[in-house]
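So the sequences go chain by chain: D and E. With full-length UniProt numbering applied, the first sequence corresponds to residues 1 to 456, in that order. With full-length UniProt numbering applied, the second sequence corresponds to residues 1 to 463, in that order. From the three backbone atoms N, C-alpha and C, an ideal C-beta is built for every residue, glycine too. To start, the structure itself, in structure tokens.
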Amino acid sequence: MRPPVILKTTTSLLDSSSSSPPCDRRLNTLARHFLPQMASHDSISASPTSASDSVFNHLVRAPEDPILGVTVAYNKDPSPVKLNLGVGAYRTEEGKPLVLNVVRRVEQQLINDVSRNKEYIPIVGLADFNKLSAKLIFGADSPAIQDNRVTTVQCLSGTGSLRVGGEFLAKHYHQRTIYLPTPTWGNHPKVFNLAGLSVKTYRYYAPATRGLDFQGLLEDLGSAPSGSIVLLHACAHNPTGVDPTLEQWEQIRQLIRSKALLPFFDSAYQGFASGSLDADAQPVRLFVADGGELLVAQSYAKNLGLYGERVGALSIVCKSADVASRVESQLKLVIRPMYSSPPIHGASIVAAILKDRNLFNDWTIELKAMADRIISMRQELFDALCSRGTPGDWSHIIKQIGMFTFTGLNAEQVSFMTKEFHIYMTSDGRISMAGLSSKTVPLLADAIHAAVTRVV
Amino acid sequence: MASSFLSAASHAVSPSCSLSTTHKGKPMLGGNTLRFHKGPNSFSSSRSRGRISMAVAVNVSRFEGIPMAPPDPILGVSEAFKADNSDVKLNLGVGAYRTEELQPYVLNVVKKAENLMLERGDNKEYLPIEGLAAFNKATAELLLGADNPAIKQQRVATVQGLSGTGSLRLGAALIERYFPGAKVLISAPTWGNHKNIFNDASVPWSEYRYYDPKTVGLDFEGMIEDIKSAPEGSFILLHGCAHNPTGIDPTPEQWEKIADLIEEKNHIPFFDVAYQGFASGSLDEDAASVRLFVARGIEVLVAQSYSKNLGLYAERIGAINVISSSPESAARVKSQLKRIARPMYSNPPVHGARIVADVVGNPVLFNEWKAEMEMMAGRIKNVRQQLYDSITSKDKSGKDWSFILKQIGMFSFTGLNKNQSDNMTNKWHVYMTKDGRISLAGLSLAKCEYLADAIIDSYHNVS
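Spelled out as structure tokens, the structure:
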């Protein structure tokens, strides 16, 4: 029995932003001044000096998104037996995108509704959507909602919610440091940096056990300055799939409250992680129950399959209704210069489903089916690896939760699997379980087995 | 069920809003001094107060020091309008098209496009960061003309944005990152959100003279002077057509002179095109200013919106275009725009983009759209004419009201001051912003005579 493979992973939190100094632009402007008038015609594009004429010449090409790169490489691969485990979206057993039946039904209703128009909605979004989103995450009987201590604004899915929350905190909160788990979703540091917050990290994932480094987490948050903001994945941690247990959540809550840290939850998978909306919201509700303040960003991309419709919400739980009202007024001043008001279509779909008991029940059935399929993929993969006698402890595959799994494979092993087996995943060893099916599990198991036995 | 929900949604207004009592300053008049403004002052005040609250007991809310933000003036107008019980009341503050019955209007081509989408069974997958490819192609071609050399040579970087505002914000963020310290000149007056957008993007701005209250027309001399005296390489924010809030546009000859000056000073034009096709009824005519600059080889940024011309207000569909002098730099610009959008909202909403792509990409729907745009623009022109006729037939003072006919688009600057605008509201139940702007889209032919009475009374009897 070989010892478990130690994952070598380095989290790069900041993109290097290299930009030309302003004098370069002035030089280009000066050069352009001496070009003859005729240079402004078509011939300028054919001229070898045309590039230097542009006021945008000093812009550098931005690095390609690594996850997008995986999908691009996958699309280019001519092999008939290729597998895309990099895509962060649900797929059916046939490997196809899925539009939920309830979504289709609501869209038909919306189109048939002659009273429906396209008028601007408020800066904070559809009132029904906001109210129902808060109830979904906090629970309909939540005291924070009963006391009007919650302000909820519709945003562009999870990313938009995080960004609005980040900009709000940068403007109005006394501490401008946010602690992110190591690792975390690749977009998190960019979102918060551009929002005006400083990013620090706390230990989260333990490569040795492929589980939670709970002691490291407690130590790092315990030494964070009072008032610091702490980003917490509500469930189905991205990219590792490692979540705290409820007992661990209670200890985290006690630590955060005793240190007067501000929790900012990213809830992108409610219902999609375990199949139960209430179970997946439990950590957030634990914090709300103690009466303290917190932020939570919600996304309906995964649990309702509304990826491209960009539906999400930011909720801020305050100490009093009066504070919540003032907070909302300032949130509007963050949103208006960003995009004026949010898009109506996706929010109309969500509001209709959350409001109608029958549609809601049908949604929970479809939601559980998606979650169950992912859970069964985890079990099938684990069983397949065991049956092959693949070296190492693979129990983390069934312990981890949600769409993503940190396999523990290193970059060389990942590269090998791509080259030899046409299996595409990110180099940190993360695979999207949603991209698997019963037909493709054996292929993946074969590839993992070959990788760990042939590539050190 | 959906019907009652939509009925409730249409009344969804934040309870924290109230009628604005803020006294807005008059737009800057005369003089050569450019007002410089950087950073949101109200936020600085909020920030310091937020820090002070840390000194008090730990049980106090961490957000206790946050003050109530000032109410939105335009929203306040609509709020007050709703609260008014008068049956002759008129809402001229709303910035959206209305039918002759003063109802919201969903274009027929939009309904057809949505039905097409449902029939096709489109999925809901994420769009690329830059948006729907078919939309980006259609929107650049609509703006520049499909046979424009800039398009053929792939010198246009187009990224789908959240309507006009989101597109302007992406452009502003690009300026902040790659032209640090560069100043943006905006017209006086301009759409109120322009200042918010550049402030939040940390881009310094100042104003150039534009509106002349004496003639209720364009202060072309002042405009030229101010743009000429701006630092070389400044960004000049220009309304492509149908200037908001004044309705005053340069003539083609004046546009040529503006282009001359911008070339001379190596300024970079940043066009806000929110009304293409909706202003005059002709897509090509309304895009003429942008096309003139591009034909001159001037590199430009252009923010587009489909809120008004396709009636897609709440679908939030627009684009930011950067027309560069080479395909290589256009590609680099696009990569940087994507890099800005990714941490803002990841990728844009799909529904509105599909509607636009389907309408513009389908010759039958495209022609129907043009007909509907002509109808909307035509109704507004008729209202202008009717209002002018009503005023001139009633007003015997000899005052020149011809600016009403010269102005273009949805908005009209009446020349009324704050007191006169208040009189319009208090005495005549006509709701408008305090700067004297009225939205002609909220006016019907049947109401023109009533409005004429109100304007004449306010102009002559209130000082």
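Open item on the list: Just to confirm my understanding: we take Ala138/E, look at its own chain, exclude 5 residues before and 5 after, and list those with CB closer than 8 Å. What are they?
Closed with: Start at 1 with the first residue of the second sequence, and residue 138/E comes out as number 138. Hits under 8 Å: Val356, Ala357, Val360, Gly361.
TODO: Assign Pro71/E to buried or exposed, taking buried as 16 or more other Cβ atoms, counted over all protein chains shown, within 10 Å of its Cβ.
DONE: Mapped onto the second sequence, residue 71/E falls at position 71. When all chains shown are included, Pro71/E counts as buried.
- [ ] Hey, could you find the ends of the beta strand (DSSP E) Ile268/E is sitting in?
- [x] As a first step, residue 268/E must be located in the second sequence, where it is residue number 268. Taken as a continuous stretch (DSSP letters only), the beta strand (DSSP E) holding Ile268/E covers 268-273.
- [ ] Please report how far the alpha carbon of Asn115/E lies from the alpha carbon of Leu312/E, in whole angstroms.
- [x] Position 115 of the second sequence holds residue 115/E. Position 312 of the second sequence holds residue 312/E. Looking at the two C-alpha atoms, the distance is approximately 15 Å.
Task: When Ser161/D, Lys419/D, Pro63/D, Asn117/D are compared against Ser348/D, the one with the closest alpha-carbon - done: If you number the first sequence from 1, residue 348/D lands on position 348. Cα-wise, what sits closest to Ser348/D is Asn117/D.
TODO: Return yes when the Cβ of Ile316/D is within less than 8 Å of the Cβ of Val334/D, no when it is not.
DONE: Residue mapping note: residue 334/D aligns to position 334 of the first sequence, counting from 1. Residue mapping note: residue 316/D aligns to position 316 of the first sequence, counting from 1. Not in contact: Val334/D and Ile316/D (Cβ atoms no closer than 8 Å).
- [ ] Return the residues of the region 329-342 of chain D that lie within a Cβ-Cβ distance of less than 8 Å from chain E, sorted by chain order.
- [x] Flagged, chain order: Ser329, Gln330, Lys332, Leu333, Val334, Arg336, Pro337, Met338, Tyr339, Ser340, Ser341, Pro342.
- [ ] Would you list, in sequence order, the uninterrupted alpha helix (DSSP H) runs of no fewer than 4 residues that lie entirely inside the region 127-161 of chain E?
- [x] Counting only runs of 4 or more residues that sit fully inside the region 127-161 of chain E, the alpha helix (DSSP H) segments are 133-144, 149-152, in chain order.
TODO: For my contact list, Gly88/D and Gly312/D are in at a C-beta cut-off of 8 Å; report their separation, rounded to the angstrom.
DONE: To locate residue 88/D, count along the first sequence from 1; it is residue 88. To locate residue 312/D, count along the first sequence from 1; it is residue 312. The beta-carbon distance between Gly88/D and Gly312/D, rounded to whole angstroms, is 15 Å. This is too long to meet the 8 Å contact definition.
- [ ] Find the nearest neighbour of Leu238/E within the set Asn199/E, Met344/E, Gln304/E, judged by alpha-carbon distance.
- [x] As a first step, residue 238/E must be located in the second sequence, where it is residue number 238. Nearest C-alpha to Leu238/E: Gln304/E.
Task: Near-chain D residues of the region 243-257 of chain E - C-beta to any C-beta below 7 Å - done: The residues in question: there are none.
- [ ] With a threshold of 16 other CB atoms inside 10 Å of the CB of Met375/E, please say whether the residue is buried or exposed.
- [x] Working through the second sequence from its first residue, we reach residue 375/E at position 375. Met375/E sits exposed, since fewer than 16 C-beta atoms from the chains shown fall within 10 Å of its C-beta.
Open item on the list: Is the beta carbon of Phe403/E closer than 8 Å to that of Val216/E?
Closed with: For the purposes of this step, residue 216/E is identified with residue 216 of the second sequence, where counting begins at 1. For the purposes of this step, residue 403/E is identified with residue 403 of the second sequence, where counting begins at 1. Result yes, Cβ atoms of Val216/E and Phe403/E sit closer than 8 Å.
TODO: Could you name the residues of the region 262-280 of chain E whose beta carbon sits closer than 7 Å to any beta carbon of chain D, in the order they occur along the chain?
DONE: Within the region 262-280 of chain E, the residues whose Cβ lies closer than 7 Å to some Cβ of chain D are Asn266, Ile268, listed in chain order.
- [ ] Would you kindly work out how many angstroms separate the C-alpha atoms of Gln254/D and Gly346/D, rounded to a whole number?
- [x] Numbered from its first residue, the first sequence carries residue 254/D at position 254. Numbered from its first residue, the first sequence carries residue 346/D at position 346. When the Cα atoms are used, Gln254/D and Gly346/D turn out to be separated by approximately 37 Å.
Open item on the list: Going by the DSSP bridge assignment, what does Thr177/D pair with across the sheet?
Closed with: Numbered from 1 along the first sequence, position 177 holds the residue referred to as residue 177/D. Bridge partners of Thr177/D: Ser198/D.
TODO: Using 10 angstroms around the beta-carbon of Lys183/E, count the other beta-carbons present and answer buried if the total reaches 16, otherwise exposed.
DONE: In the second sequence, residue 183/E corresponds to position 183, counting from 1. Note on Lys183/E: 16 or more other CB atoms within 10 angstroms of its CB, so buried under the neighbour-count rule.
- [ ] Tell me, please, whether the CB atom of Leu180/D is closer than 8 Å to any CB atom in chain E?
- [x] In the first sequence, residue 180/D corresponds to position 180, counting from 1. Not one chain E Cβ lies under 8 Å of Leu180/D.
TODO: Please work out which residues of its chain come closer than 6 Å, Cβ to Cβ, to Phe421/D, disregarding the five sequence neighbours upstream and downstream, and give them in chain order.
DONE: Walking along the first sequence from the start, residue 421/D turns up at place 421. Hits under 6 Å: Ala447.
Open item on the list: Quick check on the burial criterion: 16 or more other C-beta atoms within 10 angstroms. Buried or exposed for Ala57/E?
Closed with: Counted from its first residue, the second sequence places residue 57/E at position 57. Any reading at Ala57/E must be qualified, since the residue scores a pLDDT of 46, below 50, and its modelled position is unreliable; no value is offered.
Open item on the list: Between Val455/D, Ile431/D, Arg454/D, which has its C-alpha nearest Leu444/D's C-alpha?
Closed with: Locating residue 444/D in the first sequence gives position 444, where the first residue counts as 1. Comparing alpha-carbon positions, the option among Val455/D, Ile431/D, Arg454/D lying closest to Leu444/D turns out to be Ile431/D.
Open item on the list: With a threshold of 8 Å between beta carbons, is Tyr431/E in contact with chain D?
Closed with: Taking the first residue of the second sequence as position 1, residue 431/E is located at position 431. Chain D, which has no Cβ nearer than 8 Å to the Cβ of Tyr431/E, makes this no.
Open item on the list: I'd like the ranges of any beta strand (DSSP E) spanning at least 3 consecutive residues and lying wholly in the region 350-435 of chain D.
Closed with: For the region 350-435 of chain D, whole beta strand (DSSP E) runs of length 3 or above, ordered along the chain, are 404-406, 430-432.
Task: Contact set for Tyr300/D: own chain, Cβ-Cβ below 6 Å, skip 5 residues either direction - done: Reading the first sequence from its first residue, position 300 is the one you call residue 300/D. Here the set comprises Leu306, Val311, Val350.
Task: Segment contact, 8 Å Cβ cut-off, at least three pairs: the region 153-164 of chain E with the region 233-247 of chain E - done: With fewer than three CB-CB distances shorter than 8 Å, the region 153-164 of chain E does not count as touching the region 233-247 of chain E.
Open item on the list: Please report the distance separating the alpha-carbon of Leu231/D from that of Tyr204/D.
Closed with: Counting from one through the first sequence, the residue named residue 231/D turns up at place 231. Counting from one through the first sequence, the residue named residue 204/D turns up at place 204. Their backbone Cα atoms lie some 12 Å apart in a straight line.
Task: Contact belief for Val106/D with Leu359/D at Cβ below 8 Å, rounded distance in angstroms - done: By one-based count along the first sequence, residue 106/D stands at place 106. By one-based count along the first sequence, residue 359/D stands at place 359. Indeed they touch by this definition, with Cβ atoms about 7 Å apart.
Task: Cβ of Lys118/D within 8 Å of any chain E Cβ - done: Within the first sequence, residue 118/D is the residue found at index 118, counting from 1. Interface criterion met: the Cβ of Lys118/D is under 8 Å from a Cβ in chain E.
Open item on the list: Does the CB of Cys318/D have a neighbour CB from chain E at under 8 Å?
Closed with: Your numbering for residue 318/D matches position 318 in the first sequence. Chain E contact via Cβ: present.
Open item on the list: Between which residues of its own chain and Ala113/E is the CB-CB distance below 6 Å, once the five residues before and five after are set aside?
Closed with: If you number the second sequence from 1, residue 113/E lands on position 113. Cβ neighbours of Ala113/E beyond the five flanking positions: Ile355, Asp358, Val359.
Task: Residue interval of the alpha helix (DSSP H) (run including Ser115/D) - done: Mapped onto the first sequence, residue 115/D falls at position 115. For Ser115/D, there is no enclosing alpha helix (DSSP H), as DSSP marks it with neither H nor E.
Open item on the list: Counting C-beta neighbours from all protein chains within 10 Å, is the total for Leu246/D 16 or more, i.e. buried, or is it exposed?
Closed with: The residue given as residue 246/D occupies position 246 in the first sequence. The residue in question, Leu246/D, is exposed, as its Cβ has fewer than 16 Cβ neighbours within 10 Å.
Open item on the list: Can you list, in chain order, the residues of its chain with a C-beta nearer than 6 Å to that of Pro40/E? Leave out the 5 residues immediately preceding and following it.
Closed with: Translated into positions along the second sequence, residue 40/E becomes position 40. Any reading at Pro40/E needs caution, since the residue's pLDDT is 39, under 50, leaving its predicted position unreliable; the model's value is listed next. So the qualifying residues of the chain are Asn199.
TODO: With DSSP as the reference, label Gln146/D as helix, strand or coil.
DONE: One-based indexing of the first sequence puts residue 146/D at position 146. The answer is helix: DSSP assigns Gln146/D an H, G or I state.
Open item on the list: Any beta carbon of chain E sitting closer than 8 Å to that of Ser267/D?
Closed with: Stepping through the first sequence from its first residue, residue 267/D is reached at position 267. Closer than 8 Å: no.
- [ ] Kindly list, in the order they appear in chain E, the residues whose Cβ is closer than 8 Å to that of Glu293/D.
- [x] Within the first sequence, residue 293/D is the residue found at index 293, counting from 1. Within chain E, the residues Ser61, Arg62, Phe63 have their CB atoms less than 8 Å from the CB of Glu293/D, given in chain order.
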